[in-house]
Ligand code: 1HN
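Residue numbers (the working numbering): 40 to 384.
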């Protein structure tokens, strides 16, 4: 029942009075604070790489990687413009590095992941070890690790960055530091971390603690493809197709504490049953093409297209050809906090 006119006026006057003391009535906001189910301000959205690519390359004419520190075009959720967010907890952007350029070494408490989309010849260095970036490689920059990038090749290199920036911002726990050196001098040969920590082997005296960053920091596309090719010979799950999550091979835990990542393969013609989950998810199409439906939106998608599935929006996928998708979300945080809910419809 609506309040009587004089009651409404009295309440408004009361709200005014208490406002001076920095107080506000809970009953006016309770429903929004504690919704019966997630009702995200984030919207489903899809970014077509063919439309983005020319603008990403244009940025290369306007600013150098070194001047920008990181030359990135942020993918802003249309429901969250101005906040540098793709979901309420996650940031995503497309980074460009041109031949001969470097992006100087720095570190921050925000964790980053990268998925290489295009181009050959770039490297990234994490805490003294380089890896050459190949298309489809999944690369980690754990919190507070030194990292820099460079392009020693002949082509522009573009990758998707995912960071937990909004999450760290919600804790007001952000620190960053620029290194005195632009480019880290390699302390170990390329491939060292993968050999020591990612080959079903571990150094005999290695006992990681919860706070230690993952030592493996690259998941080569070749290895991911080989695993997916192998499991594709079995029957796909009706909701997921063939879907695996990336792990820290030394612990089996998520490679980053704040962001989980998966690879999913759908055979040509396969249509998934709808799934909804509380972890808003960013998806990148690595191979193939198809149709995606998110809530009541749907789009065709193809190679290098990126789309976002906000919390509690039903997702279903229809592969028109053999399709490989990379995705990331804040799932490990929600699992740790006991918040994750998932419904297979
Ligand atoms: C960052 O350090 C990178 O290292 C990319 O490539 C994007 C966005 C915000 C803050 C730091 C990188 C970033 C970032």
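Glycine included, C-beta positions come from ideal geometry on N, C-alpha and C. Note that this is a predicted model, so its numbers are computed, not measured.
| request: Would you check if the distance between the CB atom of residue 286 and the CB atom of residue 383 is smaller than 7 Å? | output: Note that the C-beta distance between residue 286 and residue 383 is not below 7 Å.
| said: Given a cut-off of 7 Å on the beta-carbon distance, is the pair residue 142 and residue 104 in contact? | reply: Taking 7 Å as the Cβ cut-off, residue 142 and residue 104 qualify as a contacting pair.
| Whose C-alpha, out of 216, 82 and 305, is nearest the C-alpha of residue 145? | If we check each option's Cα against that of residue 145, 216 comes out closest.
| the region 192-199 / the region 250-267 touching (three or more Cβ pairs under 8 Å) | Taking a contact to require three or more Cβ pairs closer than 8 Å, the region 192-199 and the region 250-267 do not qualify as touching.
| Applying the criterion that 16 or more other CB atoms from any shown protein chain within 10 Å of the CB defines a buried residue, is residue 68 buried or exposed? | Counting Cβ neighbours within 10 Å, residue 68 comes out exposed, since fewer than 16 surround it.
| query | Leaving out five residues before and five after residue 379 in sequence, what residues of the same chain have Cβ atoms less than 8 Å from its Cβ? | reply | Counting only Cβ-Cβ distances below 8 Å, and skipping sequence neighbours, we find 316, 317, 318, 370 and 373.
| said: Please give the ranges of any alpha helix (DSSP H) in the region 149-214, keeping only runs that are unbroken, at least 4 residues long and fully inside the region. | reply: You should have 204-209.
| Looking at residue 311 and residue 355, is the spacing between their C-beta atoms short of 7 Å? | Yes, they are a contact pair.
| Selection from 140, 262 and 184 that minimises the alpha carbon distance to residue 177 | For the residues 140, 262 and 184, the minimum Cα distance to residue 177 belongs to 262.
| said: With the cut-off set at 7 Å, would you say residue 207 and residue 134 are in Cβ contact? | reply: Not a contact, by the Cβ cut-off of 7 Å.
| Meets three-Cβ-pair contact criterion under 8 Å: the region 262-271 and the region 178-187 | Judged by Cβ distances under 8 Å, the region 262-271 makes no contact with the region 178-187, as fewer than three pairs qualify.
| message | Quick check: the Cα distance between residue 53 and residue 66, rounded to an integer number of angstroms? | response | In a straight line, the C-alpha of residue 53 is about 13 Å away from that of residue 66.
| task | Tell me residue 81's beta-bridge partners as DSSP assigns them. | result | According to DSSP, residue 81 bridges with nothing at all.
| message | Less than 7 Å between C-beta atoms, sequence neighbours within five positions excluded: which residues of the same chain meet that for residue 349? | response | 79, 81, 82, 83, 126 and 319, listed in sequence order.
| message | Since residue 283 and residue 302 should fall inside the 8 Å C-beta cutoff, what is the C-beta to C-beta distance between them, to a whole number of angstroms? | response | About 6 Å separates the CB atoms of residue 283 and residue 302; that is less than 8 Å, so the two are in contact.
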